[in-house]
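Structure first, commentary second.
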Amino acid sequence: MAYVINDSCIACGACKPECPVDCIEEGAVYTINADQCIDCGSCAAVCPVGAPNPED
Ligand code: SF4
Ligand code: SF4
1 MAYVINDSCI ACGACKPECP VDCIEEGAVY TINADQCIDC GSCAAVCPVG
51 APNPED
């Protein structure tokens, strides 16, 4: 399991400093390294547009 950032990401950068394992990469749309994500939900909690979601 890992969180995934969808296309609604506006690249605001709010999620990146909240990640305890620093697995969020900057970009036109931010991305999460699925191998490192520990599924904590911190990124989703701060995202203004609800872009990060748990992958089933
Ligand atoms: Fe980082 Fe947690 Fe978001 Fe995974 S769910 S990318 S570990 S903040
Ligand atoms: Fe994208 Fe949300 Fe992260 Fe901002 S907080 S960079 S909108 S995923």
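Under UniProt numbering, think of the first position of the sequence shown as 1, with each following residue one higher. Each residue gets a CB set at the ideal place from its N, CA and C atoms; glycine is no exception.
- Task: With DSSP as the reference, please indicate the residues paired to residue 60 in a beta bridge.
- Result: The structure shown does not extend to residue 60, since the chain is modelled only from 1 through 56, so no value can be given for it.
- Which residue from Asn33, Ala2, Cys15 and Ala11 puts its Cα closest to that of residue 80? No answer is possible for residue 80: it lies beyond the span of the chain, which begins at 1 and ends at 56.
- Ala51 classed as buried or exposed, judged by whether at least 16 other C-beta atoms fall within 10 angstroms: The residue labelled residue 51 in the question sits at position 51 within the sequence shown. Ala51 comes out buried.
- Contact set for Thr31: own chain, Cβ-Cβ below 8 Å, skip 5 residues either direction: Indexing the sequence shown from 1 puts residue 31 at position 31. Excluding positions up to five away in sequence, the list reads Ile5, Ile24 and Glu25.
- Message: Are the CB atoms of Tyr3 and Cys47 within a distance shorter than 7 Å?
- Response: As a position in the sequence shown, residue 47 is number 47, starting the count at 1. As a position in the sequence shown, residue 3 is number 3, starting the count at 1. No, these two residues do not count as a Cβ contact at 7 Å.
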